[in-house]
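Here the protein sequences line up with chains A and B, keeping their order.
If you're matching positions, the first sequence starts at 11 in the numbering used here and goes up one per residue.
If you're matching positions, the second sequence starts at 268 in the numbering used here and goes up one per residue.
Below is one structure, written out as structure tokens; comments come after it.
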Amino acid sequence: MPQPYNTYLRETLQTLLREKELERWLAFEESSLPLKPRPVFPETSEACDTVVFNGFCVQNLATYLSRYKGRRIGVLVKGCDRRAIAVLVEEKQLAREDLFLLGVPCPGMLNRTQLLTEFPGLDADQIAEEGGHLSLKISGETRTLQREDYLLPACRVCHHRTPEDVDALLDPPPLDAPETEESFATIVSSVGEMPQNDRAALFASEFSRCILCYACRNVCPLCYCDTCFTDSLTPAWMTASPEPGNIFFYHVNRMMHMAGRCVACGSCEWACPEHIQLHLLFGKITADVRDLFAYEAGIDKDAPQPLSHFSEDDPDEQIG
Amino acid sequence: MSDFGKLDQNMPNPWQPKIVAFLCRWCSYAGADLAGVSRLSYPPTTRVILVPCSSRISSYHIIKALMAGADGVLVSGCHPGDCHYLTGNLLARRKFILLKRLLSYMGVAEQRVQFAWVSASEGEEFAALIKEITEKVKAVGPFRGFLRKDGEADAATL
């Protein structure tokens, strides 16, 4: 992102912090890891000086809001953060009036792992994001890449990048990046068309790397149960021993909990230390909920959540 | 266990599937009861678990049954519209459709996890259903998708 943009963002945060009498902001700053900005919670004008926004601010900030219940907090929201907040408000976990939402029209987030694999040692200073392009400065040479080739899977198919119903929207947008025609249905049907054995082998191979660290659960803005089923001892559904049964149990049940709630922010996949392709799972459940119940979490705010509701005309196709 | 093993080896088709059947108290369990008192015969492959309503069953119970060594799972409740609690099976139906699609997508054979509506008066239908699902689970063979005491996990048997 061009440096003037970060300056503009910081000034906006500082003005709003004062004018709207916010306790603090939730935003991003650079961390000690390359291309991995971390959340920051500035309470003062000076503390806002480290805030950045670029194509690597993947993490969904709504995850942190449960810590600040009932306090006046400002949040820098992308489309998916806004949707997660909408679901949390609907589930009465947050009060909308406590929050000040500053929307940023998201250009789609970039795949850090893919970039670091292709260009080892890459640092944030070497990347300039301009429109639909990325310019990398590597040992004196400039490489130009197509931005859409390096988007995260969830961001590639996102059609809700600009947050709606926010208190203020950053204008102009940081980048003018085009959306693609694809949807999760495209990705999911390519897997669904594979022979059954290949699908079983694909997920067995993905899950074989899972160490049940629960990073995907911890980073998820919508996993807020006091006692997760993974930690339940009465009954003890599963243990944290990474065996195929436990791993399968964990992922299937996590997905069933996300059905009709997942906003497809991709934070879980981003947080996974083993780079498991979790978008194949949450993409499937999101696509199915949309297909069966015509519902999109965090968008269809007036409709009841699909799994707490029913219709007599629901499909009976796979049930005898 | 070993005695049963010996007995099994002398039989023409030693392997019989283990199927966990979650039956709703008001319809399917009564249907199974009717099959029993009507002296209908059906394969002894199911282990019945009585539940108050089909909506009591979540994906936890189904996957846990497979983890615990079942080769197949059946969930059965009242026909839509006939629920004792009015809407339980309608809520369950949404959950089951999503779960069934997800499991199938992840490569689990469709025969492993089955759902059926059986009413209290359908003793014959219940016996026929158990015959049918037993054949279906037999067709896909023993389940070794997860690590079990008798061997390594084998994704090809999901």
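By construction, the Cβ of each residue, glycine as well, lies at the ideal position given by its N, Cα and C atoms.
- Around Q103(A), the same chain offers S76 and Y234 as residues with beta carbons nearer than 7 Å, after the five sequence neighbours per side are excluded.
- Cβ-Cβ distances below 7 Å link L317(B) to L290, R292 and Y296 in the same chain, with the five nearest sequence neighbours on each side left out; the list follows chain order.
- In the DSSP assignment, E391(B) falls within the alpha helix (DSSP H) that extends over G390 to V407.
- For a cut-off of 8 Å, the C-beta gap from F363(B) to V340(B) is around 11 Å, too long to register as a contact.
- Among the residues facing chain B, V167(A) is not included, as its CB has no counterpart in that chain under 8 Å away.
- One thing to note: V114(A) has its Cβ within 8 Å of the Cβ of P184(A).
- In this structure, the beta-carbon distance from E392(B) to L307(B) does not fall below 8 Å.
- With contacts defined as CB atoms closer than 8 Å, S193(A) and V229(A) fail to qualify as a contacting pair.
- Here S343(B) carries a strand assignment [DSSP, helix/strand/coil].
- The three-state secondary structure of E139(A), taken from DSSP, is strand.
- Beta-bridge partners of A288(B) (DSSP): V315(B) and L341(B).
- According to DSSP, residue pairing for K147(A) in a beta bridge involves T152(A).
- In the DSSP assignment, E100(A) falls within the unbroken alpha helix (DSSP H) covering G89 to E100.
- DSSP lists E39(A) as the bridge partner or partners of R48(A).
- Here the alpha carbons of W35(A) and I83(A) stand approximately 6 Å from one another.
- In chain order, S371, G374, V375, A376, E377 and L425 make up the part of chain B whose C-beta sits under 9 Å from the C-beta of Q206(A).
- Between I286(A) and T123(A), the alpha-carbon positions lie close to 12 Å from each other.
- Chain order gives the chain A residues near G412(B) as A210, A214, P254, G255 and F258, where near means a beta carbon separation below 9 Å.
- Residues of the stretch 323-334 of chain B with a Cβ closer than 8 Å to any Cβ of chain A, in chain order: S325, S326, Y327, I330, K331, L333 and M334.
- Between P316(A) and chain B, the shortest Cβ-Cβ separation is below 8 Å.
- By the rule that beta-carbons nearer than 8 Å mark a contact, I364(B) touches chain A.
- E322(A) has a beta carbon lying within less than 8 Å of a beta carbon in chain B.
- The beta-carbon separation of Y309(B) and I397(B), rounded to 4 Å, stays under the 8 Å limit for a contact.
- Look at A269(A): its C-beta is under 8 Å from a C-beta on chain B.
- K294(A) reaches chain B at R368, L369 and Y372, counting residues in chain order whose Cβ is nearer than 8 Å.
- Y305(A) and D323(A) have their C-alpha atoms some 15 Å from each other.
- For W282(B), there is no enclosing alpha helix (DSSP H), as DSSP marks it with neither H nor E.
- Contacts with chain B at 8 Å (Cβ-Cβ) include V262(A).
- When 9 Å is used as the limit between beta carbons, L358(B) is near these residues of chain A: L317, S318, H319 and F320, in chain order.
- Among the residues of chain B, those whose CB is under 9 Å from the CB of M266(A) are S325, S326, Y327, K362, L365, L366 and L369, following chain order.
- Three or more Cβ pairs closer than 8 Å define a contact, and the stretch 78-95 of chain A falls short of that threshold against the stretch 256-269 of chain A.
- Residue pairing of R34(A) in beta bridges, as defined by DSSP: I83(A).
- Residue-level contact by beta carbon fails for L222(A) and chain B, as no gap is shorter than 8 Å.
- Here G89(A) really is in contact with C116(A); their C-beta atoms are around 5 Å apart, less than 8 Å.
- Runs of the beta strand (DSSP E) lying entirely within the stretch 178-221 of chain A and spanning at least 3 residues: none are present.
- Under DSSP, A246(A) takes part in no beta bridge, so it has no partner.
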